[in-house]
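In this text, residue positions in the sequence shown follow this note's numbering: the first is 2, and each later residue adds one. Where a beta carbon is used, it is the ideal one built from N, C-alpha and C, also for glycine. Note sheet for the following structure.
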Amino acid sequence: MSSLSKTSPLDFLTPESGAFFQRSRTRSYMLGLAIVVALIVVGLGVSLAVVKPEPAPGRAAERLPEVKTLPEFRLIDQTGREVRLDDLRRHVCLVSFIFTRCRLSCPRITTVMKDLGEKLAGTNVRLVSISVDPTHDTPEVLAAYAHSFEIDPEQWWLLTGETDAVMTLVREGFGVSAVPVPPEELNEDMEEIAHSDRIALVDRGGRLIGFYDSTEEDRMAALVGEAKLRGSWIGRMPAINASLNFTASVLLALAWAAILTRRVTLHAILMSAALVVSAVFLGCYLTYHFNLEGVSKPYDGVGPIRYVYYTILISHVALAILMLPVLVLTVARVLRRRFAQHARIAAVTFPIWAYVSVTGVIVYIMLYS
């Protein structure tokens, strides 16, 4: 192409070169679209080969068919302080079920809870352990138990109370079992009270979300990620990221319309804004995953929709990685005022960038709706 005039980025489009340039740009658009389609096909192939129709057992929570709100209650913690549902409503809570005479599962459950507490330090997540042996487990007994495990009463409440109140909350509120074993049936491998070793996730407002098996490391890792999302500022990041992707999508569409109508200045302003928004998104995305420490929210969809989700996700991630060097080349050409080369590369970049931005919103909707 001939050298460009300094008066307008479109001055290189002479009558003789215009038709050739339009054909060249069309081929570039088609190349960009072909790359997008190819990565979608690859994503589908990988999904069909690797993804199972149901979530991996180690990553899935036992979610309730419908989120339920816990009933009102009044219990006592290890310091003698009254704890009510209103106290739980202000926090995200991880709730376990134990009793101090338990020799087998309860020390392990308490150790798991302590580890969860350390990983969730600095968040709005509170730990709660409800005694299923309230007659024996008085506040004083629970205080001694708490001391033996170095439990901080500001982060972790050990609750007891009237037997009827405790059992109503455990059995009807949480829907878990806690059944005394008849003395004649006891042996050394049994506990005096058969009870759940699952850990319940309770969201703000006292909403019971689901249960996680405390014996599975993968489920505990998933619980940490879910609790962080609900109990700290990091939980707002997915919505912010989706909003940034949506904004970038709109800016790209407007910028494309502007250049088609040869409004170069408006196009440059809109593309600059899209670049800034995408850069902010990248910073937010990295911040989000850094703070989750490699633990992310698993997709809980079941059946064919899982293949759709992972096809979109795989192609989205692959194209996002590919987009970075292509985008650098696109911007470099315009900064060096090589507008003809910029236009051809931008025609390849546009379908990729648009797909990445739009699917970022779709992934958010599928994962969090």
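- For the pair T139 and Y146, the Cα-to-Cα distance works out to about 11 Å.
- A341 is classed as buried because its beta carbon has at least 16 other beta carbons within 10 Å across all chains shown.
- Between the alpha carbons of V171 and V133 lies a distance of about 8 Å.
- It is roughly 12 Å from the alpha-carbon of I152 to the alpha-carbon of T80.
- Taking the Cα of H317 as reference, the smallest distance to any Cα among L45, G302, V51 and L32 is reached at L45.
- Note: C94 is bridge-paired with R127 and V203 in the DSSP secondary-structure output.
- Its Cα nearest to that of V364, the residue T312 stands out among R26, V265 and T312.
- Contact annotation: the segment 76-96 does not touch the segment 186-194, with fewer than three C-beta pairs closer than 8 Å.
- When DSSP assignments are scanned along the segment 255-313, the uninterrupted stretches of alpha helix (DSSP H) that are 4 or more residues long and fall wholly within it turn out to be 265-293.
- With respect to the C-alpha of V96, the residue from L105, K115 and R82 having the closest C-alpha is K115.
- In this structure, the straight-line span from the alpha carbon of F282 to that of P135 is close to 50 Å.
- The Cβ atoms of L32 and V349 sit closer than 9 Å to each other.
- DSSP places P181 inside the beta strand (DSSP E), whose first and last residues are A179 to P181.
- Selection S106, S273, S370 and R82 evaluated against A144 yields R82 as nearest (Cα-Cα).
- Secondary structure note for H196: its beta strand (DSSP E) is the uninterrupted segment I194 to H196.
- Contact annotation, G162 with R75: C-beta distance approximately 7 Å; criterion of less than 8 Å satisfied.
- Taking C-beta atoms as the reference points, A280 and A256 fail to come closer than 9 Å.
- Per DSSP, reduced to three states, the secondary structure at F247 is helical.
- For Y30, the closest C-alpha among the options A347, H268 and S370 is that of A347.
- I99 and I322 have their C-alpha atoms some 47 Å from each other.
- When the beta-carbon positions are compared, P54 and R307 come within less than 9 Å of each other.
- Looking at D204, A258 and L253, the one whose alpha-carbon comes closest to that of S233 is D204.
- With respect to the C-alpha of G176, the residue from T164, L209, W158 and A35 having the closest C-alpha is L209.
- Each of L117, L128, S250 and T169 was checked against the Cα of P154, and the nearest Cα belongs to L128.
- Under the criterion of beta carbons closer than 8 Å, L117 and V225 qualify as touching, at roughly 6 Å.
- The three-state reading of DSSP puts K53 in coil, since its state is none of H, G, I, E or B.
- A direct Cα-Cα distance of roughly 26 Å separates K120 from H196.
- By alpha-carbon distance to K229, the top candidate from W157, Y289, V167 and A344 is Y289.
- Restricting attention to W158, V142 and F150, the CA atom closest to the CA of V126 is found in W158.
- According to DSSP, residue pairing for I235 in a beta bridge does not occur.
- Per DSSP, the unbroken alpha helix (DSSP H) holding V364 starts and ends at F340 to Y369.
- In the DSSP assignment, I77 falls within the unbroken beta strand (DSSP E) covering R75 to I77.
- Counting every other CB atom within 10 Å of its CB across the protein chains shown gives A179 a total of 16 or more, marking it as buried.
- Cβ neighbours of Y286 within its own chain (closer than 7 Å, five residues either side excluded): N242.
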